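Numbering (mature numbering (1 follows the signal peptide of the UniProt record, and there is no 0)), first residue to last: -18 to -1, 1 to 398. No residue lacks a Cβ here, since even glycine has one placed at the ideal position from N, Cα and C. Everything numeric in this text was worked out from a predicted model, so none of it was measured.
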């Protein structure tokens, strides 16, 4: 019996040791593990070592005890992860609850940061001379603004992207009290009911209005990030309404990071309806609104437009770049047909009418002048003839007077 109890103790004793901290000042947390890779909580942690040399949790914990600045040790996928949790005096390690997991953590690492720490301080560049583009939350305007971070001795209001910044601080104001919940708990509570997004939620006695989600894939500038890779990418510039190329370093970017100009245009330009242009009236110039060739323009957007092809007398689709086009550019085939179909003959008729009017305006005065000249000539001829006739009549009267005729007749009578 004693031998059996001794063997049992030999089996239990190593297991009991495995549950004990490997060194003073640490504790074993059952049911807690690291957040998933790529999440904001995981990105806030400073991963010191990822070693495959530790074959067990106990060895991993002992490795943490001997590693400077190690505050957390976790076996993850067969590898020992040693984590430094302190940043600006705050404990940045937020563990996730997961059954069947275990973590080894230093006790009293430091205070857990609150929303106040992430969102209320002014942006701090720091004394170092690097140049990282970061975002800080301005509680006065309740927006995230970019600034240049030098690389050291900053504060927690230092976010790698505008979206990350807004996710943590949206709705926070400068008047909020100090007893604000940590952002992890705040976001968990805010996201527990997706239907309430955009409505007011209450956290620790503080009401914060959560704005509806924004399309961050189309806001801000292209962020190179902290890594040194070189990937050609495109970002949407809201001011010029164009997609602009930039070089992405490979990490720490924003959603405004597109693999091609077409992807950028599809997500940010085509999805945003452009204000409708005032179409040309039917009295507009046919040569401008219907006869001009299709013109994409120098910009690199991708709008589906229609132009009137005079050679086929049909409306044809083309891609408009977004700027410096011409007037033969319609939002729909219906607008194109309505404005140009059948107008070619109308314009020719109009041109002929104008030509006819021009000819009439020139010829009519000439004809009137000719007619006036002919009339004047006829009148002159008439008066000349009348004058000649009067002269003949006067001469005839001088030769044959009435008295002479009587005398002639009397003389003839006496003679007879």
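Do you know offhand how far residue 43's Cα is from residue 86's?
-> Approximately 6 Å between the Cα atoms of the pair.
For the segment 248 to 324, list the alpha helix (DSSP H) runs that are entirely contained and at least 4 residues long, ordered along the chain.
-> The qualifying runs are 268 to 271, 315 to 322.
Take the Cβ of residue 257 as the centre, count every other Cβ of all protein chains shown within 10 Å, and call the residue buried at 16 or more, exposed below.
-> Low per-residue confidence applies at residue 257: pLDDT is 40, beneath 50, and the placement is therefore not dependable, though the value from the model is reported in the following sentence. Classification for residue 257: exposed.
State yes or no: is the C-beta of residue 124 nearer than 7 Å to some heavy atom of the ligand SAH?
-> With respect to the ligand SAH, the structure shown offers nothing to examine, as it has no ligands at all.
Would the beta-carbon of residue 30 fall within 8 Å of that of residue 64?
-> Result yes, Cβ atoms of residue 30 and residue 64 sit closer than 8 Å.
Go ahead and pull the three-state DSSP assignment for residue 150.
-> Residue 150 falls in the helix class under three-state DSSP.
Can you name, in chain order, every residue of its own chain whose Cβ lies under 8 Å from the Cβ of residue 130, other than the five neighbours on each side?
-> Cβ neighbours of residue 130 beyond the five flanking positions: 107, 113, 114, 115, 116.
Considering only residues of the segment 3 to 86, which uninterrupted beta strand (DSSP E) runs meet the minimum length of 3 residues and lie entirely inside it, listed in chain order?
-> Taking only runs of at least 3 residues, the beta strand (DSSP E) segments lying wholly in the segment 3 to 86 are 8 to 15, 28 to 33, 54 to 58, 61 to 66.
What's the C-alpha gap between residue 142 and residue 155?
-> Using only the alpha carbons, I get a separation of about 21 Å.
Whole-angstrom distance between residue 307 and residue 273, CA atom to CA atom | When rounded, the distance between both Cα atoms is 14 Å.
Candidates 149, 109, 133, 132: which alpha carbon is nearest residue 126's?
-> Ranking 149, 109, 133, 132 by Cα distance to residue 126 puts 149 first.
Could you spell out where the alpha helix (DSSP H) holding residue 99 opens and where it closes?
-> Looking at the DSSP string, the run of the alpha helix (DSSP H) that includes residue 99 is 97 to 101.
Pick from 214, 225, 250 that is closest to residue 231, judged by C-alpha positions | Closest by alpha carbon: 214.
On the three-state DSSP scale, how would you describe residue 439?
-> With the chain covering -18 to 398 only, the question about residue 439 has no answer from this structure.
From what residue to what residue does the beta strand (DSSP E) around residue 115 run?
-> 114 to 120 is the extent of the beta strand (DSSP E) around residue 115.
With DSSP collapsed to three states, give me the class of residue 93.
-> In the structure shown, residue 93 falls within a coil segment according to DSSP collapsed to helix, strand and coil.
To the nearest angstrom, how far is it from the Cα of residue 360 to the Cα of residue 353?
-> One C-alpha to the other measures close to 10 Å.
Can you tell me whether residue 206 is buried or exposed, with buried defined as 16 or more other CB within 10 angstroms of its CB?
-> Result: buried.
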